[in-house]
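Inspection log for the structure reproduced underneath, given as structure tokens.
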Amino acid sequence: MRIAVFSAKPYDRTFLTRANSGQRHHLSFFEARLTEDTATLANGFDAICAFVNDCLDAAVLEQLHNGGTRLVALRSAGFNHVDLAAAERLGITVVRVPAYSPHAVAEHAVALVLSLNRMTYRAYNRVREGNFALDGLLGFDLHGKTVGIIGTGHIGLIFADIMHGFGCRVVASDPFPSPDAKSFVEYVPLATLFASADIISLHCPLTPETHHLIDADAIAQMKEGVMLIKEGVMLINTGRGRVVDTQAVIAGLKSGKIGRLGLDVYEEEEQLFFEDLSQGVINDDQFMRLTTFHNVLITGHQAFFTAEALTNIAETTLANIDAFERGSGTLHRVTTP
Ligand code: NAI
181 MRIAVFSAKP YDRTFLTRAN SGQRHHLSFF EARLTEDTAT LANGFDAICA
231 FVNDCLDAAV LEQLHNGGTR LVALRSAGFN HVDLAAAERL GITVVRVPAY
281 SPHAVAEHAV ALVLSLNRMT YRAYNRVREG NFALDGLLGF DLHGKTVGII
331 GTGHIGLIFA DIMHGFGCRV VASDPFPSPD AKSFVEYVPL ATLFASADII
381 SLHCPLTPET HHLIDADAIA QMKEGVMLIK EGVMLINTGR GRVVDTQAVI
431 AGLKSGKIGR LGLDVYEEEE QLFFEDLSQG VINDDQFMRL TTFHNVLITG
481 HQAFFTAEAL TNIAETTLAN IDAFERGSGT LHRVTTP
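In my numbering, the protein residues as written are 181 to 517.
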């Protein structure tokens, strides 16, 4: 099949080309993000391959359909950026990579917890400048702390395992408690999780129900004066940016209710992430405000970014395309609920 790969970075080219053994598909790589303005690049392609910040709303899908596209192969697990009803109406099949490396994301969430706790990102700069003072780097033992996990799917459960390994108590909230959850995972109502957790980590998908799940009301319910150092809770988001109301979180940081914040995803990340914008002016004042806090650590949607994950993403994407072409076999198809 002829496949137009959007938002293609050098690493996408490397891993997809490697997975396309025997050159069974013709892959054309476009650096552009898929939008209404760039959708015409896909004219004449049977399939397009898209990533998390590509736009797949009704207008874009309409254009793809008019250009002959019959398959949208997502290189992601999340599909909140696709208008599935429009795709179904237009007869476009949507497939995804359901779980490429849940370990990658869970481990990155843990990396954020550890870095924020011991402020290694501040220590790195201090030591390079000959500043060996410890003031401002005070952390706390993870052992004995309560970790609240929102969403106990593939990633949330691995995160639970790791944090349990540190000696943390694990409480969780999920409308569908997992039968795979180990006995140490205590499912509790969301209000109890907010009231008891020292560290809260988000691992749910973005849905109408989870949009701004962490808002001013949720933050008000969170614990005060946690840890021995009497600071606010630690909040980690490696799920999706819009699960968090950024304005409310900024207010929580200013009041001290949120003591440490680790983000790998951000509400308006489509305009920022995956690009080198260092030579220009960043116009997102809300994002820039976040970067001014010493207790905020932001990474640019890199939690998935391991060699294992990229290999799985490329191989599953091409297997999805093979199956679609054959008209049989297992497709990781996404349909409207
Ligand atoms: P999954 O589908 O295995 O698990 C999601 C869990 O969230 C399910 O158990 C579901 O019941 C639960 N959930 C749904 N609504 C909820 C709610 N209102 N409250 C609490 N829990 C709720 O998904 P997986 O693979 O664990 O991924 C989780 C999310 O992580 C993805 O949806 C995606 O948004 C994000 N992700 C982020 C990546 C990154 O690089 N930062 C990479 C991959 C995924």
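We treat Cβ as the ideally placed atom computed from N, Cα and C, and that holds for glycine.
Three or more beta-carbon pairs drawn from the region 370 to 389 and the region 336 to 355 are found closer than 8 Å, and the two stretches are therefore classed as touching. Collapsing the DSSP output to three states places residue 413 in a strand. Boundaries of the alpha helix (DSSP H) around residue 290: 282 to 298. DSSP places residue 418 outside both helix and strand once states are collapsed to three, so it counts as coil. In the structure shown, the three-state DSSP call for residue 446 is coil. The alpha-carbon of residue 207 is positioned some 11 Å away from that of residue 199. Shortest gap from the CB of residue 277 to any heavy atom of the ligand NAI: 7 Å or more. Secondary structure remark: continuous beta strand (DSSP E) runs of at least 3 residues inside the region 291 to 368, in chain order: 326 to 330, 349 to 353 and 365 to 367. Residue range 476 to 478 is occupied by the beta strand (DSSP E) that includes residue 478.
With fewer than 16 other Cβ atoms inside 10 Å of its own Cβ, residue 304 counts as exposed. Assignment of alpha helix (DSSP H) within the region 459 to 503, counting only whole runs of 4 or more residues, yields 465 to 470 in chain order. Selection 373, 404, 240 and 365 evaluated against residue 393 yields 373 as nearest (Cα-Cα).
According to the DSSP secondary-structure assignment, residue 273 is paired through a beta bridge with 251. Between the beta-carbon of residue 241 and that of residue 272 there is about 6 Å, and that keeps the pair under the 8 Å contact cut. Secondary structure at residue 204: coil, using DSSP grouped into helix, strand and coil.
Secondary structure note for residue 238: it is in no beta strand (DSSP E), and the uninterrupted alpha helix (DSSP H) holding it is 238 to 246. Annotated as proximal: residue 403 and residue 377, with beta-carbon spacing under 8 Å. The beta-carbon separation of residue 445 and residue 481, rounded to 6 Å, stays under the 8 Å limit for a contact. Distances from the CA of residue 299 to each of 417, 190, 314 and 356 were compared; the closest alpha carbon is that of 314.
The beta carbon of residue 332 sits closer than 6 Å to those of 352, 354, 358 and 361, all from its chain and outside the five residues before and after it, given in chain order. The three-state reading of DSSP puts residue 381 in strand, counting E and B together.
The shortest C-alpha to C-alpha distance from residue 345 to any of 189, 472, 323 and 396 is the one to 323. Distances taken from the Cβ of residue 497 to the heavy atoms of the ligand NAI include none shorter than 7 Å. Counting the other Cβ atoms within 10 Å of the Cβ of residue 508 gives fewer than 16, which makes it exposed. Judged by pairs of C-beta atoms under 8 Å, the region 479 to 496 touches the region 272 to 283, as three or more such pairs exist. Looking at the DSSP output, residue 229 sits in a beta bridge with 185 and 253. When beta bridges are read from the DSSP output, residue 209 appears opposite 185. Across the set 254, 216 and 245, the C-alpha of 254 shows the shortest separation from the C-alpha of residue 495. Of the heavy atoms belonging to the ligand NAI, at least one sits nearer than 7 Å to the Cβ of residue 420. In this structure, residue 184 places its C-beta atom within 8 Å of the C-beta atom of residue 228.
Taking residue 367 as the centre and dropping the five residues before and after it, the same chain places the C-beta of 352 and 357 closer than 6 Å to its C-beta, in chain order. Residue 307 counts as exposed, since fewer than 16 other C-beta atoms from the protein chains shown sit within 10 angstroms of its C-beta. For residue 427, the enclosing alpha helix (DSSP H) has its first and last residue at 426 to 435. Below 8 Å, too few C-beta pairs join the region 241 to 251 and the region 443 to 457 to call them touching: fewer than three.
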